[in-house]
Each structure stands twice: as C-alpha cells, then as structure tokens.
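Data first, discussion second: the structure below is written as structure tokens.
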Amino acid sequence: MAPILDIFRALGDPTRLRIVHLLRAMELAVGEIAQVVGQSQPRVSRHVRILVEAGFIEKRKEGNWVFLRIDRKGPVAPFLDLFDRVTPSESEALWQKADLARLAAVRNDRAHAAEEYFAEHAGEWDAIRSLHIAEAEVEAAMQALLAGENIGRLLDIGTGTGRMIQLFGGDADQVTAIDRSPEMLRLARAKLPHEGAEKYALIMGDFMALPLGGHSVDTVILHQVLHYAQAPEAVIAEAARVLDADGRLLIADFAPHEREELRVRDQHARLGFSDDQMGGWFDAAGLDLERAQTLPGGELTVTLWLGRRRGGRVLSMDGRQIEGRLGA
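Numbering (this note's numbering), first residue to last: 6 to 333.
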C-alpha cells in the first residue's frame, strides 16, 4: 500500500480531486478528462500518474487510447468512502456540477460517434440480419434461457457494439466486456448506463487468452462471435476456464450453412455449427450441454447452446433429454 502521506498528497490538489470525482462517475480516456477539466493532455497525464502511484486509479491501454477507472478493490478503497461521507462546500459543489455537465457532453460525443459508425456499417449488418430470424426474437430466446437464475458476474466475449451488456448488464452484479477492437469498445462504452457505471469493465482482449483468472465469472455469453474463431473448441475451453462452479455459458450462433460469401466477404472462419460439434466441445471443456434451441427463419438458422460447468443440472435439448456425451 502507498504510504498514507502519499495518499493524502495525491488528494491535495484540486485537479486531482476533480479527476477522482469524474472517474467515480464513469471510465474515461485521458483526452476526455482533459476536455472536461480544460487542461492540456500532458498536464492531465501528470496528475493521472500521481493518482496511479497512490493507488486511486488504474489505467488500461486500448490501441492509441489510455482509459482510466477507479481502483475500487485497491488499498485506497476506504479513502473513497470519504467522497460519499463529506458534504462539499458551496464552491466545491459548483465545480462538481460544472464538471458533470461537461462530462455529459463527452457522453454525447461518444453517442454521436457510435451513431455515425452504425450508419456507415448498417448496410453490412443488415445484409446478414436479413438472412435469419429477427434479432429481437433471438434476444428474447436468450433471455428466456438465462431466466430463473442470477446472472451474477457476467462476461460478454466479443462484445462488439455492447448489445449483450445492454440486455443483461442491469441484472448482473458485475459486468466484464471484452473485444479485441478498440473501436468496438468505444462504441460499447457509449451505451453504458449513467447510473451504476462502476460495475462495468470494458477490456481489450482476445477470446483465445481471456485476461481473467479461473473461476472468476458466473455467466459467459458468446453472441455471434464463435464463427470468427479458427479454433472454436479452444475458445469454449477458455470460456469454461473462467467459469465458477455451476457457471453457465450461452452461445448464440449459426447452424451449419453453405453461404460461402460470409467467409470471403465477412471473414467468417466457420460456416455454422452442429449440435454434435458443440456438444463434443462442451464435454471436452468440462461443460454439460443443457439446452440447444434452434431458431429457424430465413436462409440462416440461429441456434442457442446453453452449457453449465460440470456437476450442474442437465435439462433438455428441444424437449429431448440429453444423455451422456454428444459426439464430436
């Protein structure tokens, strides 16, 4: 732990206090903080370094951006309670209110950038969506499969635009969203709720090497991600590694198809998956396949596979009892 004197020194600067208040509201890039506090990025970086060294915040690099968040599990966590217990003076309340107003402008900038990106790529996504059942029906089926049990600590692998954390994040205790694209993470970050943003962590990473320890999450979602994997079985094994006891893995992807243009045009490494394939990979990863639900409609069929870390309950697959291992 940093010496107590260093901790109080870190807090003994108005700008650093403003930075801590801002990061308590949401995760921010260094440039975004500079925009809010009206100072140069190098100057803000110097303040950030002091706060990092004191243990107040942690930093994470995503491409050319550096994002910051409060280290709520760090040794200075008790000091953070002071911000809730101490009533600010009239002048402090004014600058806090002004900073939060400017922070709202940062949120709006993120949302505008997201809208522009969606508009630019809408045609590509619509072309794929037109081939299968409406996404709203897929999402409703996913919610039904996960209903009845706590989401707990949620991991969304390949979060993309952040739709899954929008859908399930409100019911989760903690949310970790991972994507290897900094652009996608910025889009997903624009969708984070204003309230409770501290429970969300958006991290750049790869589904072949998740930046999480074993037994660290309760629910894992892979929504239209697995078909990009050259080795899907390795992705499933990595997801199983981070699942805690009785944890669940939900995969939404395509059943086998022959739309070869998706491989060439959209970089799909796999043209769908069968129940037997998925059952074999689940079994090898130490998961029981509880449900496999098909959602036909259009030229592509979407399938949902729900697995549980071995030892949990086994239900049925489209109404049929699953017995033992499914063939690979």
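We put the beta carbon where it would ideally sit given N, CA and C, even for glycine.
Given the structure is predicted, the values throughout are model-derived calculations rather than measurements.
In this structure L160 touches V222 by the C-beta definition: roughly 4 Å separates them, less than 8 Å. Around the beta carbon of T92, fewer than 16 other beta carbons lie within 10 angstroms, which makes this residue exposed. Taking C-alpha positions only, G302 is separated from I138 by approximately 5 Å. Residue environment: A98 is assigned as exposed (fewer than 16 neighbouring CB atoms within 10 Å of its CB, all protein chains considered).
Assignment of beta-bridge partners to V240 by DSSP yields no partner. Under the criterion of beta carbons closer than 8 Å, V53 and I24 qualify as touching, at roughly 7 Å. Counting along the chain, I138 sits inside no alpha helix (DSSP H), nor does DSSP assign it H or E at all. Here A15 really is in contact with I55; their C-beta atoms are around 5 Å apart, less than 8 Å.
In this structure, T224 and M189 do not form a Cβ contact; the two beta carbons are roughly 21 Å apart against a cut-off of 8 Å. Unbroken alpha helix (DSSP H) runs of no fewer than 4 residues, entirely contained in the region 213–296, are found at 237–247, 265–270, 280–289, following chain order.
Following the DSSP letters along the chain, one finds F72 inside the beta strand (DSSP E) bounded by residues 70–75. Partner residues in the beta bridge of E63, as assigned by DSSP, are R74.
Pairwise C-beta distances place the region 177–195 out of contact with the region 249–264, as fewer than three of them are shorter than 8 Å.
A residue is called buried when at least 16 other Cβ atoms come within 10 angstroms of its Cβ; Q272 does not meet this threshold and is exposed. For the set D258, D11, R296, the Cα lying nearest the Cα of T306 is the one of D258. Each of L87, H199, V49, L73 was checked against the Cα of A110, and the nearest Cα belongs to H199.
With 16 or more other Cβ atoms inside 10 Å of its own Cβ, H228 counts as buried. Following the DSSP letters along the chain, one finds D176 in no beta strand (DSSP E), marked with neither H nor E. When DSSP states are grouped into helix, strand and coil, A195 belongs to the coil group. Across the structure, L192 and A206 are spaced so that their CA atoms are roughly 14 Å apart.
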